[in-house]
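**Q** To convert, count from 1 in the sequence shown and add 5; that's this note's numbering. Can you read through this structure? Questions will come right after.
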Amino acid sequence: MEEKTTAAAGCESTTIDFSVWRNAPRERTAAYFPTYSTVSKAMQTALRGWVREWVAVNPEVLLRPHTAYPILVYQSTTPFSGRPTNMFTYDIQQTEALGRAFASAANKLGRELKALDTNEYPWFTREHYFAYRSAEVVKYVMKNRRAIYKMLNVETVLMDSILKFALIDLPKIGLEAALVPLRRAFNTQLRRFSDEIDLTNRAEELLRVATDALVSKIANDNVVEMPIAA
6 MEEKTTAAAG CESTTIDFSV WRNAPRERTA AYFPTYSTVS KAMQTALRGW VREWVAVNPE
66 VLLRPHTAYP ILVYQSTTPF SGRPTNMFTY DIQQTEALGR AFASAANKLG RELKALDTNE
126 YPWFTREHYF AYRSAEVVKY VMKNRRAIYK MLNVETVLMD SILKFALIDL PKIGLEAALV
186 PLRRAFNTQL RRFSDEIDLT NRAEELLRVA TDALVSKIAN DNVVEMPIAA
């Protein structure tokens with residue numbers, strides 16, 4: 006079995022101020038869904054970006070089209086954005102949500118395939134990634150869902166971990182104690198993300214992405230429009 010390749014992480018030079026999570030909205034408040042939806046979309050966007058970077062650094066994965074296809078389809082999916090409910094990610098148990106994920110990938114995959122540099126590979130490899138084959142690639146992944154299910158399910162579990170941290174653990178056991186299972190969950194899930202890509206070294210960075218999204222959302226919600234001077 007091939008070892009997973011670690012996705013390169015950016016330099017994290019400053020400490021994350023997790024105290025802002027004390028101000029995160031509670032359930033059944035008007036701010037609950039839009040705030041956590043913002044956090045979720047920020048994390049999903051970051052994950053897709055890191056996967057795209059990984060493919061660029063590890064182009065040899067393209068020599069194995071059936072391995073590369075789920076990765077390319079995943080990075081082509083639009084981050085989940087749903088109606089005001091308790092759903093913040095593509096739930097693999099929800100047929101309608103999965104349909105939306107694959108439909109969003111079909112709209113973007115052609116551009117992702119065009120962006121791939123396959124010139125160094127023989128024709129029989131390159132032809133797997135011609136843009137006109139995007140619908141065929143999505144259809145293949147829809148029939149062989151294990152790899153993309155893992156990626157989408159990790160997103161769901163990560164968001165569930167954020168909700169548990171903010172809504173249950175933090176009020177109950179305090180910030181420092183609540184951070185322990187949160188970090189553990191992020192490390193565990195990012196290790197499970199893919200058989201090919203090890204994202205564990207992105208755990209702290211992803212926590213920063215989530216926290217920054219919360220800070221930005223709270224700041225925007227608290228902006229008070231000043232009257233224009235006559």
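The C-beta atom is built at its ideal place from N, Cα and C for all residues, glycine as well.
1) With DSSP collapsed to three states, give me the class of aspartate 203.
2) Measuring alpha carbon to alpha carbon, tell me which of Leu175, Glu201, Asn112 ends up nearest lysine 144.
3) Using the Cα positions of isoleucine 223 and threonine 40, report the straight-line distance between them to the nearest angstrom.
4) Would serine 24 be called buried (16 or more neighbouring beta carbons within 10 Å of its own) or exposed?
5) Closest to leucine 126 by CA distance: which of Asn227, Val214, Pro70 is it?
6) Please determine, among Met48, Ile173, Tyr79, the residue with the shortest C-alpha to C-alpha distance to arginine 243.
7) By DSSP, does threonine 130 sit in helix, in strand, or in coil?
8) Just to confirm my understanding: we take leucine 180, look at its own chain, exclude 5 residues before and 5 after, and list those with CB closer than 8 Å. What are they?
9) If you count every other CB in all the chains shown that lies within 10 Å of the CB of methionine 6, and 16 or more means buried, which is it?
10) In whole angstroms, what separates the C-alpha of arginine 197 from that of alanine 29?
11) When you compare only the Cα positions, how much space is there between valine 162 and glutamine 194?
12) Just to confirm my understanding: we take alanine 171, look at its own chain, exclude 5 residues before and 5 after, and list those with CB closer than 6 Å. What are they?
13) Straight-line CA distance for alanine 106 to leucine 114?
14) Which residues bound the alpha helix (DSSP H) around glutamate 141?
15) Would you check if there are 3 or more beta carbon pairs closer than 8 Å linking the stretch 47-58 to the stretch 130-144?
16) Which word fits valine 60, buried or exposed, when buried means at least 16 other C-beta atoms lie within 10 angstroms of its C-beta?
17) Apart from the five residues just before and just after isoleucine 153, which ones in its own chain have a Cβ nearer than 7 Å to its Cβ?
18) Just mark asparagine 227 as buried or exposed, buried being the case when its beta carbon has 16 or more other beta carbons within 10 Å.
19) To the nearest angstrom, report how far apart glutamate 101 and isoleucine 21 are at their CA atoms.
20) Go ahead and pull the three-state DSSP assignment for threonine 43.
21) Check whether the Cβ atoms of leucine 157 and lysine 169 sit closer than 9 Å, and answer yes or no.
**A** With the structure as the only source:
1) In the sequence shown, counting from the first residue as 1, residue 203 sits at position 198. In the displayed model, aspartate 203 falls within a strand according to three-state DSSP.
2) Reading the sequence shown from its first residue, position 139 is the one you call residue 144. Answer by Cα proximity: Asn112.
3) Position 218 of the sequence shown, counted from the first residue, corresponds to residue 223. Position 35 of the sequence shown, counted from the first residue, corresponds to residue 40. Between isoleucine 223 and threonine 40, the C-alpha separation is close to 8 Å.
4) As a first step, residue 24 is located in the sequence shown; it is residue number 19 there, counting from the start. Label assigned to serine 24: exposed.
5) For the purposes of this step, residue 126 is taken as the residue at position 121 of the sequence shown. Note on identity: in this sequence residue 126 is tyrosine, with leucine being the wrong assignment. If we check each option's Cα against that of tyrosine 126, Pro70 comes out closest.
6) This structure does not reach residue 243, given that the chain is present from 6 up to 235, and the question cannot be answered.
7) Residue mapping note: residue 130 aligns to position 125 of the sequence shown, counting from 1. Under the three-state reduction of DSSP output, threonine 130 falls in the helix class.
8) In the sequence shown, the residue the question calls residue 180 occupies position 175. Once the five neighbours on either side are set aside, the close Cβ partners of leucine 180 are Phe23, Ser24, Trp26, Arg27.
9) In the sequence shown, counting from the first residue as 1, residue 6 sits at position 1. Confidence at methionine 6 is low in this model, with a pLDDT of 43, below 50, so the placement of that residue should be treated as unreliable; the coordinate-derived value is given next. Exposed.
10) Reading the sequence shown from its first residue, position 192 is the one you call residue 197. Reading the sequence shown from its first residue, position 24 is the one you call residue 29. Those two C-alpha atoms are separated by around 28 Å.
11) As a position in the sequence shown, residue 162 is number 157, starting the count at 1. As a position in the sequence shown, residue 194 is number 189, starting the count at 1. The straight-line gap from Cα to Cα measures roughly 7 Å.
12) Position 166 of the sequence shown, counted from the first residue, corresponds to residue 171. Within the same chain, Trp26, Ala29 come within 6 Å of alanine 171 by CB-CB distance, once the 5 residues on both sides are set aside.
13) Sequence index remark: in the sequence shown, residue 106 carries index 101 (1-based). Sequence index remark: in the sequence shown, residue 114 carries index 109 (1-based). Rounded to the nearest whole angstrom, the C-alpha separation of alanine 106 and leucine 114 is 12 Å.
14) Here the question's residue 141 lines up with position 136 in the sequence shown. Glutamate 141 -> alpha helix (DSSP H) spans 139-148.
15) Cβ pair count under 8 Å is below three, so no.
16) On the sequence shown, residue 60 is found 55 positions in, with the first residue counted as 1. Of the other Cβ atoms in all chains shown, 16 or more fall within 10 Å of the Cβ of valine 60; this residue is therefore buried.
17) For the purposes of this step, residue 153 is identified with residue 148 of the sequence shown, where counting begins at 1. Only Pro75, Val78, Tyr79, Val146 meet the Cβ criterion.
18) The residue given as residue 227 occupies position 222 in the sequence shown. Exposed is the call here.
19) Translated into positions along the sequence shown, residue 101 becomes position 96. Translated into positions along the sequence shown, residue 21 becomes position 16. Rounded to whole angstroms, glutamate 101 to isoleucine 21 spans 36 Å at the Cα level.
20) Taking the sequence shown and counting its residues from 1, the one referred to as residue 43 is at position 38. Three-state result, threonine 43: helix.
21) Translated into the one-based positions of the sequence shown, residue 157 becomes position 152. Translated into the one-based positions of the sequence shown, residue 169 becomes position 164. No, they are not a contact pair.
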